[in-house]
Amino acid sequence: MDSALKKKIKFVYEAPDDLVVWADIQMIQTIIRNLASNAVKFTPSGGKIYLSVSKTEHDNIELSIRDTGIGLSDEMIPKLFNLNENINRKGTEGEPSTGLGLIICKEFIEKHGGKIWAESEVGKGSIFHLGKKSH
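Mapping to numbering that gives the first Met the number 0: the sequence shown position 41 is 40, numbers consecutive.
If you want it as structure tokens, here you go:
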């Protein structure tokens with residue numbers, strides 16, 4: 000949160016009040032913390048980050064973290080969750096990044112029977128989804 004405050008980034012949360020999730024709290028907190036940290040790292044000052052949770056079919060949950068950051072190219076997206084790829088790049092204010100956090104997120108969400116995937120557009124931001132991918 001310190002980085003978000005320094006960069007004047009606003010967080011917007013959207014979740015139903017009656018939502019119940021059965022998960023390992025430490026793993027889920029690690030995933031959210033890592034994805035939120037990445038969103039802050041790659042969002043310029045004054046940007047926004049949206050964290051939303053919704054129910055999907057069959058009482059599954061989808062969590063999404065969307066930012067108004069620098070985005071990812073189509074070539075980068077398939078490499079994000081692959082340990083054999085080196086996609087480290089600096090954040091908007093020179094923050095370091097190794098890409099290892101996304102590998103951990105992938106492992107943790109798969110242990111919960113879910114998937115993680117990303118959508119992005121260069122210059123417009125990214126959305127990272129956690130849940131049961133239907134496509």
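Backbone N, C-alpha and C define an ideal beta-carbon position, used for all residues, glycine too.
Exercise for the section: Please find out if some non-hydrogen atom of the ligand ADP comes closer than 7 Å to the beta-carbon of residue 113. Expected result: Ligands in the displayed structure: none, and consequently the ligand ADP is not present.
Exercise for the section: Check residue 14 in the structure and name its three-state DSSP category. Expected result: Counting from 1 along the sequence shown, the entry for residue 14 is found at position 15. Residue 14: coil per DSSP, three-state reduction.
Practice task
Would you mind stating whether residue 52 and residue 60 have Cβ atoms separated by less than 8 Å?
Solution key: Translated into positions along the sequence shown, residue 52 becomes position 53. Translated into positions along the sequence shown, residue 60 becomes position 61. Closer than 8 Å, so yes.
Practice task
Report the three-state DSSP secondary structure of residue 78 (helix, strand or coil).
Solution key: Numbered from its first residue, the sequence shown carries residue 78 at position 79. Residue 78 falls in the helix class under three-state DSSP.
Handout entry: residue 100 versus 93, 18, 3 and 27, residue with shortest Cα-Cα distance
Key = If you number the sequence shown from 1, residue 100 lands on position 101. Here the closest residue by C-alpha is 27.
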